[in-house]
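These notes are about the structure you will find just below.
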Amino acid sequence: MKLTQNVPMAGRRQVLKLLGAVGAVAGLASLGALPRAAEAATGLGVPKPDEKVEETIKRLFGNRTLQTAGDKMKVELPLIAENGAVVPVRIESNLPMEVNNYVKNVYIITDKNRRPLNARLSLTPEAGKLSLATNIRMGGTSDVRVIAEMSDGSLWQHKQEVKITVGGCGG
Amino acid sequence: MSQVRIRVPEKVKAGEVVTVRALVTHPMESMLHRDGKIVEKNYNFIHKVEASYNGKPVFEAETSQAVSQNPFFSFPVKVNEPGKVKVIFHDTEGKTYTGEADIKF
């Protein structure tokens, strides 16, 4: 508490960044969560410091190109969401789901959220088809990206703006 | 008390891809607020969801605070035989919430 109040924002961010790697493991342990160290380092179980969407994309995908999904992926998002706390997302696609060639991960990223990565949804070939839905929180009007990562590493992106009347990330 | 609810279609044909809807009652508290006050390190949200069908993993999700309260997920499962869908939600306080549903033919 005191630390937050006295140290200016930039300082706190740097501290958070420094503590990131160590803190992730320690934080989980102190909370009594599952002791999966490797997962803690990459997972979302520990809140990450704020970052820009470009950094998120670089961290997740490196320099791989994002191809426009177009007809390959259908994403249902509201044009205007009244409440940013519950924004429904529905993803349907005809991308192949075969044993050797399937959609491995689907990333939902809200560009202007303080931590842009909302969720990573992973599938196995057992799923048979790409058809996912969930509800996300959005801090305000922003572009939302849905990025499908194939098992061979290629990426398909759908990007759409969602207007928010009331923000949903608790200010 | 948290609760898991899972919905599957009632009638299923072999080889069909069915959509399973799973919901857990969970506050998904973000880091900064609890009872209207700003607190540090006082967060509790679902960060991992695992779903399996007859023991084989079909769906997994890593989620951040930016997923709505009482998170809901729908995901596909290809069913070749009757069986059981099991969904496990993990939250950052180390609690797990498990739900099961039978898929019948």
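Protein sequences appear in the order of chains A and B.
The first sequence runs 1193 to 1363 under this note's numbering.
The second sequence runs 346 to 450 under this note's numbering.
Even glycine gets a Cβ: it sits at the ideal position worked out from N, Cα and C.
>> Is it buried or exposed, E438/B, if we count other Cβ atoms within 10 angstroms and call 16 or more buried?
In response: exposed
> Around the C-beta of Q1349/A, are 16 or more other C-beta atoms found within 10 angstroms, so that it is buried, or is it exposed?
Replying inline: buried
>> Within a Cβ cutoff of 6 Å, which residues of the same chain sit near E1341/A, ignoring the five residues on either side of it in sequence?
In response: Apart from the 5 residues on each side of it in sequence, E1341/A sits with its Cβ closer than 6 Å to the Cβ of K1296, N1297, L1347 in its chain, given in chain order.
> For N1286/A, which residues of its own chain have a beta-carbon under 7 Å away from its beta-carbon, when the five flanking residues on both sides are left out?
Replying inline: K1264
> Count the other CB atoms within 10 Å of the CB of L1271/A; is the residue buried (16 or more) or exposed (fewer)?
Replying inline: exposed
> CB V1358/A to CB E1268/A, shorter than 9 Å?
Replying inline: no
> My guess is that P372/B and Q414/B are in contact by the Cβ rule of under 8 Å, so how many angstroms apart are they, rounded?
Replying inline: 6 Å
>> Just to confirm, is the Cβ distance from V1338/A to V1278/A under 9 Å?
In response: no
>> Strictly by DSSP, which residues pair up with Q1352/A?
In response: Under the DSSP definition of a beta bridge, Q1352/A partners with V1336/A.
>> Could you check whether F404/B and P421/B sit closer than 9 Å to each other, using their CB atoms as the reference points?
In response: Yes, they are a contact pair.
> Who are the Cβ neighbours of A367/B in its own chain at under 6 Å, not counting the five residues just before and after it?
Replying inline: If we look at A367/B and ignore the five residues flanking it on each side, its Cβ neighbours are I351, F418, V432.
> Under 9 Å Cβ-Cβ, which residues of chain A neighbour K423/B?
Replying inline: M1289, P1317, E1318, A1319, G1320, K1321
> Alpha carbon to alpha carbon, what distance is there between H392/B and T364/B?
Replying inline: 22 Å
>> What are the residues in the segment 399 to 417 of chain B lying within 9 Å of chain A by C-beta distance?
In response: K401, P402, V403, F404, E405, A406, E407, T408, S409, Q410, A411, V412, S413, Q414, N415, P416, F417
> Do the segment 1318 to 1326 of chain A and the segment 422 to 430 of chain B make contact, defined as three or more Cβ pairs closer than 8 Å?
Replying inline: Yes: the two stretches touch, three or more of their Cβ pairs being nearer than 8 Å.
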